[in-house]
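Residue numbers (the UniProt record's numbering), protein chains in the order written: chain A, 1 to 275; chain B, 1 to 798.
All residues carry an ideal CB built from backbone N, CA and C; glycine is no exception.
What follows is one structure encoded as structure tokens, with my remarks underneath.
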Amino acid sequence: MKAAVFDYVRAGSAAEAAAILAADEGAKLLGGGQSLGPTLNLRLARPGRLVDLKRAEGLRSLAGDDAHLAIGAGWTHAAIEDGVVPDPARGMLAQVAHGIAYRAVRNRGTLGGSLAHADPSADWVATMFALNATMVVTGRAGTRRVAAEGFTLGAFATALAEDEVLVAVEVPRLSAGARWGYAKLCRKTGEFAKAIGAAVLDPARGLARVVAGATGGAPVLLPAASAALREQGWQAAAAGVAGEIGSVLPNSDAAARAQHAAMLRRALAQLDLTR
Amino acid sequence: MDATQEGQAGQEHAGPGEGIGARARRKEDARHLHGRGCFTADIRMPGIQEVAFFRSPVAHARIRAREKPAALADSILFHDDLAGILPIVTRSTLPGYKLSEYPALAREKVRYVGEPVAICVAPTRAEAEDVAEQVSVEFEELPPVVSCAAGLAPGAALLHEQWGDNLFLETRSDNGIEAVAATAPVTVELALETARQTMHPMESRAILAFWDHRAGQLVVHMATQVPHLMRAGIAEFLGIPQAIVRVAPPDVGGGFGYKCVLMPEELAVAWLAWHRKAPFRWIEDRREHLVSGANTRQHEYRIRAYADRRGRLLGLDAEVTIDTGAYSVWPFTAGLEAAQAGGNLPGPYDLKAYRCHVRAVATNKPPFCPYRGVARPGVCFAIESVIDAVARAVGREGWEVRAENLVTAAAMPYTNVTGKHYDSGDYPASLDTARGMIGFEEFRAGPRRDARGRYLGIGFATYCEQTAHGTKVFASWGLPVVPGYDQAHVKLTPDGALEIKAGIHSFGQGLETTLAQVACTMTGVRLDDIRVTLGDTANTPFSTGAYASRGIVMVGGAVSRASEVVAARIKAIAAHLMQVRPEAVTFRDGRIHAGAASVSYAEVGHAWYTRPDQLPDGVDTGGLEVTEGYRPQVDTGLFSYGTHAARVAVDAETGQVEILDYCISEDCGRMVNPMIVEGQTFGGAGQGIGTALFEESPYDANGQPLASTLIDYLLPGPTEMPRFRIHHTETLSPYTAHGIKGVGEGGAIAPGAAIACAINDALAPLGAVLRALPASPERVLAAIAEAGGADAAPAVAA
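See the structure below:
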């Protein structure tokens, strides 16, 4: 399959991209192109115009304060994997990036592209949800912030308005005593996950989150497991996930629940590790 | 490595250490490693038009209307626009076999999603796809038949109404199972199935056809394993003489059976080039390939096996059903898979009573194509599952029951219950070797679970593989094309190099190297000075082509014979130049010797071509070139064989399987190039791991394919490959030149069985058994759940 005809334009900035999106409803943003490229070739996506963000100024910024690091949406998975982007999550981002698809994909695919595409199995979608990160988006009306939990609305659906561009992700800086775990089930290396378990415990920051990803829709928080993690530790949280998973993934079959529960237990077990 | 027995061939010369048996580097690798191969998609030609197809979006429908915009009248063609084209019909002499008419473009009906309905042309593929979007077809949908059971059910919708049912072929054989059934002390029953797969050559199908005004020929560059057959097929279904068709395949990037059949797309492109006298090209993309092209492997079995209390097989009662798809491919018929399945189920085992009922069912899916191993990966999975089930029933290890049932070396040659003639080999020894390699005894003495709590198991699969089977065998399968003698042309050039031409084609098997090694052994010419040209019907002698693991046996044999004749003529001229008798002449170190004297091959060449005054009286007027034909003394097939042993870990929480170790003990007779044997075996085993764990092309209830990209259709990658360990034994075939047997398919046959047996060994503490491939996490979890779940397992120390 070959892509249908489209126009191509390079945006000089996120604001310029937002202006093009506002003026042309057939326009679509191009990040690293690792998902959009095949979708174009399969003619599943047929934008009239591609707006390439590759050279847009400001999308590879790094800014922040004691509490957060704002990572520009244009950074590639490889830059995060390699530590070119400093890791506010004490190694979690680098570890997750290392497991995304294949290096060739990581070389081009971007943090913002992945989050805006919102493939339910994408690693960043689950990771940013678990870290309680905040999305920074720019549109005609200016810049606003959206919590990860409200950003991913479902499979391939986000809170981005038609004219909005994801410009950065504010990731909380985990404290020295923080622990995290991340486990995913893939049929083979580099495939999209069938189940993701993510756990973050940072008492100093008030973070205790146990999250199931690759659910077919948005990631889901396991409230009981998260509370158990906060109050009793990871073993207690792990003991409860099999019982809780059905209530947060009511439409999944027994095998999928078992797989999700296994990934959650394995993610939680990693909280024992000193990283 | 062990070696036994002598083969049948003319005099072998020591050669320069590059001949038969040498680990010579492949001649074809330099161009491929430098990216300078030339495949069909690489060819540039002025004025070429690219092709895309409008394909059926529905599985089963009557076509009510088709329309195209007037402006695109010449760019879009339907069936009735292809004047004179004939449907692809594959005749068979098997009694009761039903013919399908497979049109180049759909006529009154479509019978699978992806069936070509219109051919669309434009200067680029992207524009051709734009054109295809302008096609409009009205379908009246019919109930789709998406499984064998649905196709066999009374009142099922009929794919081919004139048949009265959905059976391409049904065969029954029985040599006395009832007597065994009445008295056998042990009976096991199994229902097994293997998923539909699509085989994956790295290069998809491809064809470029144009009219050569000077030659007055339709020239076809295509990705094919069988160029001379394609010439015959294209001529037959275009209704034109073969003399005006030339098939000249460029580099071909893998085939595995998918490129030994003529498909409607190729016929339609050939029609365009023939009628418009202009170049047209179609490159199948991976989506077309997945959805509407390659389909294979889908079998269902119901087996009842009878044994004595030690596990000695007494009889096998089998029902085999093949989900054959909508049409027969040409020329291998829709009956080949069924015939092979029924004929090969007994495998390497000594079996006396066998009843088999085989059905090839037409379904609304793309046609079933032969794939590396043809039926045998399925039957190997089936019979090896039976052996392990019998072993459990009698309380013995699977390998013990295998060892006592295998045909022994002393029984060779052995004719089995289905009439297959096993020429040579020591099957129990291959099992024994594999058992030692995988460390079975140590494993059994060790823990059943690893530190991560995964369940551990070892599985074995012993197989024998009929290779290079010839005339009688193909005739017995009722095929319209039956191989006989293969020819090769061998010529010494004026400057002392050797040219080999053969009508077989190489799609990665290394024939440019191995055929040269055979000629090197027979003539003493250095490997670097031997050049192999394959496939072009304009300048190679006829061959039915590369399939059935036959190339190195058949064409290797022909090259050997032709080289032997040329060698004798070289000796006669060299003897005259050195003034000795021909018997005194030997080949050594790339030169021709007689005592202390020696001449070069170039001097002999010059004498014949340009200095005939130096020739002896009575020189053979055939010169230094000859075409010779060959087939083995007994051409019912040479049986390569081996045992695969897999050690796996099964994660009972996720259903995931990891291969921890994989050992192969194999014997393909004389190895022309052990490195190529290993490449063939490892590559085949890699595909077998796909069959075992990953590859699956499911269809929904409407006949829609659910795996239409490589996101959904999982192929094993480098990280899924174990580090194969291999042991070679060389039992020379008594029937072939140099004792060679075929080796192309064997690697792909056993992995599904070995890995499934290993999984079942691992899951034994849970009481779970897996009876379907691939062993996806879902199937493994389902098997565990059916047995009561992992939690129900007795506590086992990690």
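Considering only C-alpha positions, which residue in the set B:L577, B:S506, B:A584 is nearest to R550 (chain B)? For the purposes of this step, residue 550 (chain B) is identified with residue 550 of the second sequence, where counting begins at 1. Closest by alpha carbon: B:S506.
I believe V117 (chain B) touches A106 (chain B) by the beta-carbon criterion, under 8 angstroms. Please report the beta-carbon distance rounded to the nearest angstrom. Here residue 117 (chain B) corresponds to residue number 117 of the second sequence, with the count starting at 1. Here residue 106 (chain B) corresponds to residue number 106 of the second sequence, with the count starting at 1. Distance from V117 (chain B) to A106 (chain B) at the Cβ level is roughly 5 angstroms; contact confirmed, criterion being Cβ atoms closer than 8 angstroms.
Within chain B, partners of M1 (chain A) - CB distance below 8 angstroms: As a working mapping, residue 1 (chain A) is identified with position 1 in the first sequence. Within 8 angstroms of the CB of M1 (chain A), the CB atoms of chain B belong to E129, D285, R287, in sequence order along the chain.
I'd like to know if the stretch 225 to 240 of chain B and the stretch 312 to 324 of chain B are in contact, where contact means that at least 3 CB-CB pairs between them fall below 8 angstroms. The stretch 225 to 240 of chain B makes no contact with the stretch 312 to 324 of chain B, as fewer than three CB pairs between them are under 8 angstroms.
Does any CB atom of chain A fall closer than 7 angstroms to the CB of R55 (chain B)? Counting from one through the second sequence, the residue named residue 55 (chain B) turns up at place 55. Not an interface residue.
Beta-bridge pairing of G139 (chain A) - partner residues as DSSP gives them: Position 139 of the first sequence holds residue 139 (chain A). In the DSSP output, where bridge partners are listed per residue, G139 (chain A) has A:G142.
Given Y301 (chain B), which residues of its chain have a CB within under 6 angstroms of its CB, disregarding the five upstream and five downstream residues? In the second sequence, the residue the question calls residue 301 (chain B) occupies position 301. Closer than 6 angstroms at Cβ, skipping near neighbours: L192, V320, A382.
State the Cα-Cα distance for the pair L229 (chain A) and F443 (chain B), rounded to the nearest angstrom. Here residue 229 (chain A) corresponds to residue number 229 of the first sequence, with the count starting at 1. Here residue 443 (chain B) corresponds to residue number 443 of the second sequence, with the count starting at 1. Answer to the nearest angstrom: the Cα atoms are 40 angstroms apart.
With DSSP run on the structure shown, which of helix, strand or coil describes Y609 (chain B)? Looking up residue 609 (chain B) in the second sequence gives position 609. In the structure shown, Y609 (chain B) sits in a helix (DSSP, three-state: H, G or I).
Is any beta-carbon of chain A found at less than 7 angstroms from that of T691 (chain B)? Your numbering for residue 691 (chain B) matches position 691 in the second sequence. Closer than 7 angstroms: no.
Interfacial residues, the stretch 701 to 719 of chain B to chain A, with Cβ spacing under 9 angstroms: From the stretch 701 to 719 of chain B, only S708, T709, I711, L714, L715, P716, G717, P718, T719 have a Cβ closer than 9 angstroms to chain A.
Pairing CB atoms from the stretch 338 to 355 of chain B with CB atoms from the stretch 715 to 727 of chain B, are three or more of them under 8 angstroms? The count of Cβ pairs closer than 8 angstroms, one atom from the stretch 338 to 355 of chain B and one from the stretch 715 to 727 of chain B, stays below three, leaving the stretches out of contact.
Check each residue of the stretch 239 to 263 of chain A: if its Cβ is closer than 9 angstroms to any Cβ of chain B, include it; give the result in chain order. Listed by position along the chain: D253, A254, A255, A256, A258, Q259, A261, A262, M263.
Between A737 (chain B) and chain A, is the shortest Cβ-Cβ distance under 7 angstroms, so that the two count as touching? As a working mapping, residue 737 (chain B) is identified with position 737 in the second sequence. Cβ-Cβ to chain A under 7 angstroms: no for A737 (chain B).
Which of helix, strand or coil does DSSP assign to V482 (chain B)? Taking the second sequence and counting its residues from 1, one reaches residue 482 (chain B) at position 482. The answer is coil: DSSP assigns V482 (chain B) none of H, G, I, E or B.
So who's on the other strand from T110 (chain A), going by DSSP bridges? Residue mapping note: residue 110 (chain A) aligns to position 110 of the first sequence, counting from 1. T110 (chain A) is bridged to A:T76.
At least one CB of chain A closer than 7 angstroms to the CB of A223 (chain B): is that the case? Here the question's residue 223 (chain B) lines up with position 223 in the second sequence. It does not: the Cβ of A223 (chain B) has no partner Cβ on chain A nearer than 7 angstroms.
Local conformation of F474 (chain B) per DSSP, three classes: Start at 1 with the first residue of the second sequence, and residue 474 (chain B) comes out as number 474. Under the three-state reduction of DSSP, F474 (chain B) is assigned to helix.
Quick check: is the beta carbon of R125 (chain B) nearer than 7 angstroms to any beta carbon in chain A? The residue labelled residue 125 (chain B) in the question sits at position 125 within the second sequence. Look at R125 (chain B): its C-beta is under 7 angstroms from a C-beta on chain A.
Straight-line gap, V188 (chain B) to V390 (chain B) (C-alpha atoms, nearest Å): As a working note, residue 188 (chain B) is residue 188 in the second sequence. As a working note, residue 390 (chain B) is residue 390 in the second sequence. Going by the C-alpha atoms only, they are around 6 angstroms apart.
Exposed or buried, which one is Y102 (chain A) when buried takes at least 16 other CB atoms within 10 Å? Mapped onto the first sequence, residue 102 (chain A) falls at position 102. By the 10 Å Cβ count, Y102 (chain A) comes out exposed.
Beta-carbon proximity list for Q95 (chain A), same chain, < 7 angstroms, skipping 5 on both sides: Stepping through the first sequence from its first residue, residue 95 (chain A) is reached at position 95. For Q95 (chain A), where only same-chain residues beyond five positions count, the Cβ hits under 7 angstroms are Y182.
Which listed residue (A:S247, A:S252, A:A159) has its alpha carbon closest to that of K194 (chain A): The count along the first sequence starts at 1 and reaches residue 194 (chain A) at position 194. Ranking the options by Cα distance to K194 (chain A), first place goes to A:S252.
Going by other Cβ atoms of all chains shown within 10 Å of its Cβ, with 16 needed for buried, is S247 (chain A) buried or exposed? Here the question's residue 247 (chain A) lines up with position 247 in the first sequence. Flag for S247 (chain A) reads exposed.
From A519 (chain B) to R670 (chain B), what distance separates their C-alpha atoms? In the second sequence, the residue the question calls residue 519 (chain B) occupies position 519. In the second sequence, the residue the question calls residue 670 (chain B) occupies position 670. In this model, A519 (chain B) and R670 (chain B) are separated by some 15 angstroms (Cα to Cα).
May I have the straight-line CA-CA distance separating A182 (chain B) from A758 (chain B), to the nearest angstrom? Counting from 1 along the second sequence, the entry for residue 182 (chain B) is found at position 182. Counting from 1 along the second sequence, the entry for residue 758 (chain B) is found at position 758. Looking at the two C-alpha atoms, the distance is approximately 32 angstroms.
Just the chain A side, please: which residues come within less than 7 angstroms of E653 (chain B) by C-beta, in chain order? Locating residue 653 (chain B) in the second sequence gives position 653, where the first residue counts as 1. Among the residues of chain A, those whose CB is under 7 angstroms from the CB of E653 (chain B) are A258, A262, following chain order.
When the Cα of W274 (chain B) is compared with those of B:P57, B:L208, B:A326, B:G744, which residue comes out closest? Indexing the second sequence from 1 puts residue 274 (chain B) at position 274. Nearest in C-alpha terms to W274 (chain B), of all of B:P57, B:L208, B:A326, B:G744, is B:L208.
Positions along the stretch 750 to 781 of chain B whose CB lies within less than 8 angstroms of some CB in chain A: Along the stretch 750 to 781 of chain B, going in chain order, the ones with a CB nearer than 8 angstroms to a CB of chain A are S776, P777, E778, L781.
Exposure label - Y8 (chain A); buried when at least 16 CB within 10 Å: Here residue 8 (chain A) refers to the residue found at position 8 of the first sequence. By the beta-carbon neighbour count (other beta carbons within 10 angstroms, threshold 16), Y8 (chain A) is exposed.
Following the continuous alpha helix (DSSP H) through Q232 (chain A), name the residue where it begins and the one where it ends. By one-based count along the first sequence, residue 232 (chain A) stands at place 232. Per DSSP, the unbroken alpha helix (DSSP H) holding Q232 (chain A) starts and ends at 223 to 232.
Consult DSSP for H213 (chain B) and reduce its assignment to one of helix, strand or coil. In the second sequence, counting from the first residue as 1, residue 213 (chain B) sits at position 213. Here H213 (chain B) sits in coil by DSSP.
Short check: CB of R647 (chain B) to CB of I784 (chain B), under 7 angstroms? In the second sequence, residue 647 (chain B) corresponds to position 647, counting from 1. In the second sequence, residue 784 (chain B) corresponds to position 784, counting from 1. Not a contact, by the Cβ cut-off of 7 angstroms.
With DSSP as the reference, label D52 (chain A) as helix, strand or coil. Sequence index remark: in the first sequence, residue 52 (chain A) carries index 52 (1-based). In this structure, D52 (chain A) counts as strand in the three-state DSSP scheme.
From B:T124, B:G114, B:P46, pick the residue whose C-alpha is nearest to that of A707 (chain B); which is it? Taking the first residue of the second sequence as 1, we reach residue 707 (chain B) at position 707. If you compare the alpha carbons of B:T124, B:G114, B:P46 with that of A707 (chain B), the shortest gap goes to B:G114.
Is DSSP giving Q633 (chain B) helix, strand or coil here? On the second sequence, residue 633 (chain B) is found 633 positions in, with the first residue counted as 1. Three-state result, Q633 (chain B): coil.
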